[in-house]
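A.B. asks: Take this structure, written in structure tokens, and hold onto it; I'll ask about it next.
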Amino acid sequence: MTTKTHVVVFLLAVTSLLLTTATTAAGEKRCHSDDKAALQAISAALGNYLASEMDIPCCEWFSVDCDPSTGRVVGFSILDDANLTGTIPDAIAGLVHLQELVFHKLPAISGPIPPAIGKLTNLSLLIISWTAVSGPVPSFLGELTQLTFLDLSFNSLTGSIPASLAAIPNLSGINLSRNRLTGAIPPLLFSESPREAYLWLSHNNLTGDIPPEFAAVGFSEIDLSRNALTGDASALFGQGKPVHQIDMDLSRNGFSFNLSGVELPAQLSGMDLSHNAIYGGIPAQVANLSNLVLFNVSYNRLCGEVPTGGNMGRFDAYSYQHNKCLCGAPLANPCQ
Ligand SMILES: *[C@@H]1O[C@H](CO)[C@@H](O)[C@H](O)[C@H]1NC(C)=O
Ligand SMILES: *[C@@H]1O[C@H](CO)[C@@H](O)[C@H](O)[C@H]1NC(C)=O
Ligand SMILES: *[C@@H]1O[C@H](CO)[C@@H](O)[C@H](O)[C@H]1NC(C)=O
Ligand SMILES: *[C@@H]1O[C@H](CO)[C@@H](O)[C@H](O)[C@H]1NC(C)=O
Ligand SMILES: *[C@@H]1O[C@H](CO)[C@@H](O)[C@H](O)[C@H]1NC(C)=O
Ligand SMILES: *[C@@H]1O[C@H](CO)[C@@H](O)[C@H](O)[C@H]1NC(C)=O
Ligand SMILES: *[C@@H]1O[C@H](CO)[C@@H](O)[C@H](O)[C@H]1NC(C)=O
Ligand SMILES: *[C@@H]1O[C@H](CO)[C@@H](O)[C@H](O)[C@H]1NC(C)=O
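Take the sequence shown: its letters are residues -25 to -1, 1 to 311, numbered as in mature numbering (1 follows the signal peptide of the UniProt record, and there is no 0).
Take a look at the structure:
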């Protein structure tokens, strides 16, 4: 998988945090007293985690970003601390102006995602990743109507993906990879913001079909790998998709459909379909996809000639191994 887009999305988030900090430096450094009180309560709930900062004006804290004109805390992040134990404090709800909230790489933070988070209705970015947080992906997250990016990856979340996420109008990035989620993908995810969607659901136990409604969504990146999804994934293909590069990983599922007839999006840059039950043949059009740098259809039930010409020289036999009856270069067996 290309990591480029991941980095871009994440950098956008981090950049906006940094920008807020930079502007703050020139203005008021002390945050609003209500926010200071909330920060003290958060600190207390986490074993006086922020105690060493209490004498510094709170808008200068590493973990805090303020709106320079109001002194209100709009960003809060706790990163990379293996020693921090406890749960996500309810006191977080006291930071009422919060727009960006990040808990990242805190392996000893556990317990559920508290309802307090659902009260932060101005949140546009919520990242709780690489923690021991468990319980469901709460359906109250659907009340965060300003949310544009939600990353709950690398936790121990269980249950199904709440349908309420589909109602968030500008939510364009969802990362729920590496949890223990079960059930089906909600049909209307991204129906409100279908133009440039990022979806990572890999390494869960999701079942069922890809929602047919996904045919209307322009995915720039979609990773459904290592689940137990089944049926026809061809709703993800077809022309009329966005002009961005598209990276698609559907590997290690139970997808079963005829690949011969699908129209691959012209901007496709990566497509891993390996370890499924896909049949038919490889569309000749694949040779025309100039952006395609990763192509893997191994471990399926495909037949017929491997397309040649164009960029096909980029792919070796390992992209095609273990199919029913594929033939021709770079495979060893010639077509009859
Ligand atoms: C989402 O999670 C995947 C792990 O499966 C990771 O590779 C990717 O970078 C994450 N994306 C973002 C934008 O954080
Ligand atoms: C975590 O605790 C250990 C042992 O008490 C200490 O050596 C280490 O510096 C602490 N790490 C952090 C990030 O505070
Ligand atoms: C939420 O954001 C809107 C628009 O930026 C702002 O008018 C409102 O005051 C904010 N609410 C809170 C509680 O920060
Ligand atoms: C969604 O984003 C658009 C464009 O940025 C903005 O005009 C609109 O107000 C947003 N909708 C909501 C509900 O925030
Ligand atoms: C998925 O389910 C199987 C069987 O119930 C289980 O063995 C496996 O650990 C689960 N995987 C994840 C990622 O939860
Ligand atoms: C797949 O579809 C093609 C037409 O696009 C058809 O000729 C072929 O028989 C189908 N293959 C199978 C295995 O159904
Ligand atoms: C590939 O591109 C060539 C040149 O643009 C075109 O003639 C041909 O029909 C295309 N093949 C497929 C299968 O799309
Ligand atoms: C394609 O996937 C198979 C199975 O996971 C793997 O063995 C092979 O190395 C992959 N080939 C390429 C070119 O990535």
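For each residue, glycine too, the CB sits at the ideal point set by N, CA and C. Here the structure is a predicted model, which is why all the values come from computation and not from measurement.
Within 10 angstroms of the Cβ of P90, are there 16 or more other Cβ atoms? Answer buried if so, exposed if not.
C.D. replies: exposed
A.B. asks: Please go through the same chain and pick out, in chain order, the residues whose beta-carbon is closer than 8 Å to the beta-carbon of P309, but skip the five residues on each side of it.
C.D. replies: Taking C-beta separations shorter than 8 Å and ignoring five residues to either side along the sequence, the partners of P309 in its chain run C302, G303, following chain order.
A.B. asks: Per DSSP, D291 forms a beta bridge with which residues?
C.D. replies: D291 pairs with nothing; no bridge assigned.
A.B. asks: Which value, in whole angstroms, describes the spacing of the CA atoms of A68 and V108?
C.D. replies: 18 Å
A.B. asks: Whose C-beta lies closer than 7 Å to the C-beta of V237 among residues of the same chain, with five residues either side of it excluded?
C.D. replies: Here the set comprises S209, F212, P258.
A.B. asks: Is any non-hydrogen atom of ligand 8 found closer than 8 Å to the C-beta of Q311, if you look at the structure I gave you?
C.D. replies: No.
A.B. asks: Out of N266, A262, R289, point me to the one whose CA is closest to E280's CA.
C.D. replies: A262
A.B. asks: What does the alpha-carbon distance come out to for the pair L176 and L132?
C.D. replies: 12 Å
A.B. asks: Could you give the DSSP three-state label for G188: helix, strand or coil?
C.D. replies: Sequence check: residue 188 is Glu here, not Gly. Annotated three-state conformation of E188 is helix, per DSSP.
A.B. asks: By Cβ distance, which residues of its chain are closer than 6 Å to L101, with the 5 residues on each side in sequence left out?
C.D. replies: L76, L125
A.B. asks: Taking A20 as part of the alpha helix (DSSP H), name the residues at either end of that continuous run.
C.D. replies: 8 to 20
A.B. asks: In the structure shown, what three-state DSSP assignment does L264 receive?
C.D. replies: coil
A.B. asks: Do G206 and ligand 6 come close, with the Cβ less than 8 Å from some heavy atom?
C.D. replies: Incorrect: G206 has no Cβ contact closer than 8 Å to ligand 6.
A.B. asks: Around ligand 4, what residues have a beta-carbon under 5 Å from a heavy atom of it, in chain order?
C.D. replies: P144, N145
A.B. asks: Using 9 Å as the limit for Cβ to Cβ distance, is G86 near chain C?
C.D. replies: In the displayed structure, chain C is absent; only one protein chain is listed.
A.B. asks: Three-state secondary structure (DSSP) at G86?
C.D. replies: strand
A.B. asks: Would you tell me roughly how many angstroms separate the C-alpha atoms of S147 and A307, rounded to the nearest one?
C.D. replies: 43 Å
A.B. asks: According to DSSP, is C310 helix, strand or coil?
C.D. replies: coil
A.B. asks: Using 10 angstroms around the beta-carbon of S294, count the other beta-carbons present and answer buried if the total reaches 16, otherwise exposed.
C.D. replies: buried
A.B. asks: Only counting runs of 3 or more residues, tell me where the beta strand (DSSP E) segments fall wholly within the region 110 to 138, in order along the chain.
C.D. replies: 124 to 126, 131 to 134
A.B. asks: Hey, which residues come within less than 6 Å of ligand 6, measuring from Cβ to any heavy atom, in chain order?
C.D. replies: Summarising the contact set, residues whose Cβ lies nearer than 6 Å to any heavy atom of ligand 6 are, in chain order, N233, S235, G236, Y254, G255.
A.B. asks: Counting pairs of beta carbons, one from the region 264 to 274 and one from the region 239 to 250, are three or more of them closer than 8 Å?
C.D. replies: yes
A.B. asks: In terms of DSSP beta bridges, what is G236 paired with?
C.D. replies: According to DSSP, which records beta bridges pairwise, G236 is partnered with nothing at all.
A.B. asks: What residues come near ligand 8, if near means a beta carbon less than 5 Å from any of its heavy atoms?
C.D. replies: S249, N271, S273, Y293, S294
A.B. asks: Compute the distance between the beta-carbons of I17 and A66, then report whether it is under 9 Å.
C.D. replies: Yes, the pair counts as a contact, with Cβ atoms nearer than the cut-off.
A.B. asks: Among residues of its own chain, excluding the 5 on either side of F189, which ones have a beta-carbon nearer than 7 Å to its beta-carbon?
C.D. replies: A210, L211
A.B. asks: Report the option in F165, T205, Y173, E196 whose CA atom is closest to the CA atom of D184.
C.D. replies: T205
A.B. asks: Apart from the five residues on each side of it in sequence, which residues of its chain come closer than 6 Å, Cβ to Cβ, to A172?
C.D. replies: S147, F165, V192, F194
A.B. asks: How is G69 classed by DSSP in three states: helix, strand or coil?
C.D. replies: Looking at G69 - three-state DSSP - the assignment turns out to be helix.
A.B. asks: Could you tell me how far apart the beta carbons of N251 and L277 are, in whole angstroms, since I believe they sit closer than 8 Å?
C.D. replies: Going by Cβ atoms, the distance from N251 to L277 rounds to 10 Å, so no, they are not a contact pair.
A.B. asks: Between the Cα of G256 and the Cα atoms of L239, N233, L269, A141, which residue gives the shortest distance?
C.D. replies: Nearest Cα to G256 within the set L239, N233, L269, A141: N233.
A.B. asks: Which of helix, strand or coil does DSSP assign to A91?
C.D. replies: helix
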